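This report refers to the structure that appears directly beneath it.
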Amino acid sequence: MTHDAPVEDVPIGGEMIRLGQFLKFAGLLDTGGDVKEAIADGDVTVNGEVELRRGRQLHAGDVVGFEGRRVRVRP
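Just add 1 to wherever you are in the sequence shown, counting from 1, and you've got our numbering.
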């Protein structure tokens, strides 16, 4: 993944969201099964580091990466 990719802001309407929920909410993945597989395969990053916990809590400013896209959590 390149760090040159533009970062898209996705408002979540709150202070916190779990990684699995955010991946679907932001349109990066379609189903819970896809989310589980992508995270287990190490394809998802949070703030530039591979994240293997689907239940990881994301907060405003966290940047999630998947397949060359980077998406920032906004309240």
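Idealized CB from N, CA, C, for every residue including glycine. Owing to the predicted nature of the structure, the values given are computational and were not obtained by experimental measurement.
Counted as a single uninterrupted DSSP element, the alpha helix (DSSP H) harbouring D35 occupies residues 33 to 41. Of all alpha-carbon atoms in N48, V8, A6, E68, the one lying nearest the alpha-carbon of V36 is that of E68.
When C-alpha distances from H60 are compared across P7, D10, M17, P12, the shortest belongs to M17.
In terms of Cβ geometry, G62 and V47 do not form a close pair [threshold 8 Å]. Note on geometry: alpha-carbon atoms of G28 and R54 lie some 19 Å from one another.
For L24, there is no enclosing beta strand (DSSP E); the residue is found in the alpha helix (DSSP H) stretching over 20 to 26. V65 places its beta carbon less than 8 Å from that of L20.
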